[in-house]
Amino acid sequence: MALVNMNDMLLRARQENYAVGAFDLINLEFAEAIIAGAVQRRAPVILSTAAVHFDYVNMKSLAPSLVRLAEEAPIPVALHLDHGTDLEMAIQAIRLGYTGIQIDTAHLPFEDNIRQTREVVKVAHAVGVSVEGELGYVSGHEGDHSSRVVGEEPIYTDAEQAAAFATATGVDCLAVSVGTVHGLMKGEPRIDFERLRSIRDRISVPLVIHGGSGLTANTYGQLVSNGMCKINFYAELSKAAVDSIRNRLSLHSGTNSITQALADMRSAVQQSVERKIEIWGCGGKA
Numbered sequence: 001m002a003l004v005n006m007n008d009m010l011l012r013a014r015q016e017n018y019a020v021g022a023f024d025l026i027n028l029e030f031a032e033a034i035i036a037g038a039v040q041r042r043a044p045v046i047l048s049t050a051a052v053h054f055d056y057v058n059m060k061s062l063a064p065s066l067v068r069l070a071e072e073a074p075i076p077v078a079l080h081l082d083h084g085t086d087l088e089m090a091i092q093a094i095r096l097g098y099t100g101i102q103i104d105t106a107h108l109p110f111e112d113n114i115r116q117t118r119e120v121v122k123v124a125h126a127v128g129v130s131v132e133g134e135l136g137y138v139s140g141h142e143g144d145h146s147s148r149v150v151g152e153e154p155i156y157t158d159a160e161q162a163a164a165f166a167t168a169t170g171v172d173c174l175a176v177s178v179g180t181v182h183g184l185m186k187g188e189p190r191i192d193f194e195r196l197r198s199i200r201d202r203i204s205v206p207l208v209i210h211g212g213s214g215l216t217a218n219t220y221g222q223l224v225s226n227g228m229c230k231i232n233f234y235a236e237l238s239k240a241a242v243d244s245i246r247n248r249l250s251l252h253s254g255t256n257s258i259t260q261a262l263a264d265m266r267s268a269v270q271q272s273v274e275r276k277i278e279i280w281g282c283g284g285k286a
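Just so you know, the UniProt record's numbering puts the end of the sequence shown at 286, numbered straight through with nothing missing.
What follows is the structure in structure tokens.
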């Protein structure tokens, strides 16, 4: 198929009651594994690059390869900026070929969040790029950094504010905080499904969950059935990749083959992607 607008994916997901995976990647091997998993399951997919990783990932260098992979894939692929910090970063991503932008100013006062999000929406919509806003605060650790703490306690999204925010900004989808956490944690977070249903019933745009790793199949099912259309996913992919490399070294302690280690990593990431696609109900939707 081709590189597509993320909003087209999510509107169909909302209508047909499934969720599309937005898999954060940190290199080309991750991207190829994510697409391979989606192709295997005949699912639409979102290649996502998180701003928190830009200390290690050169966005300008990687983006052309991601665009090429998406354009050549036999499934719908969107290219998304995760946790974009400001208008300047959003414009850079748009110029590089991204079809979806998240502007994350949820840490700001409500009116400032609206104002800055609306600025990005105005620019992005002018060139046919969809925008994800965020309201509320998902706790935990972003990316691979235990030092990058988002917050000790989550700030849950208020349903009435969510409705006002979506209307005032014109966002295409909205990330909300209902109890998930960034990263992996012991045990499972307690999801406020009543709050989620209240938000879903008040706004017309698709909903997004951040901190999508480490949940049970039952919890994922409840999230999807209560309106979640996009699930952000990274921590489990990172763990799968690291575990595969550890396993390779333990079985072949004398190896010097980086190519085999990367092949193992790609296989592990692809398997993780395929499992989640099936759980989220988007298999066969391409």
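C-beta atoms are modelled at their ideal positions from N, C-alpha and C, and glycine is treated no differently.
Asked	Found
Tell me the rounded alpha-carbon separation between T157 and I209.	12 Å
Tell me which residues share the same chain as R275 and place their Cβ nearer than 6 Å to its Cβ, disregarding the 5 neighbours each side in the sequence.	none
Could you give the DSSP three-state label for H107: helix, strand or coil?	coil
On the DSSP letters alone, give me the boundaries of the alpha helix (DSSP H) that K60 sits inside.	59-72
How big is the Cα-Cα spacing for I114 and A164?	9 Å
Helix, strand or coil for N256, going by three-state DSSP, please let me know.	coil
Between the region 68-82 and the region 36-55, are three or more C-beta pairs nearer than 8 Å?	yes
Confirm, please, whether the CB-CB distance from G100 to M228 is below 9 Å.	no
Using the three-state DSSP reduction, which class does G21 fall into: helix, strand or coil?	strand
Given a cut-off of 9 Å, decide if G221 and I279 are closer than it, judged by their beta-carbon atoms.	yes
Which residue marks the beginning of the alpha helix (DSSP H) containing L11, and which one marks its end?	6-16
Could you pull the DSSP bridge partners for G84 from this structure?	I103
To the nearest angstrom, how far is the alpha carbon of K285 from that of G254?	44 Å
In whole angstroms, what separates the C-alpha of L174 from that of I258?	40 Å
Please report the residue range of the alpha helix (DSSP H) in which K239 lies.	235-251
Quick check: the Cα distance between S147 and G211, rounded to an integer number of angstroms?	Because the pLDDT at S147 is just 35, under 50, the model does not fix this residue reliably, and the point stays unresolved.
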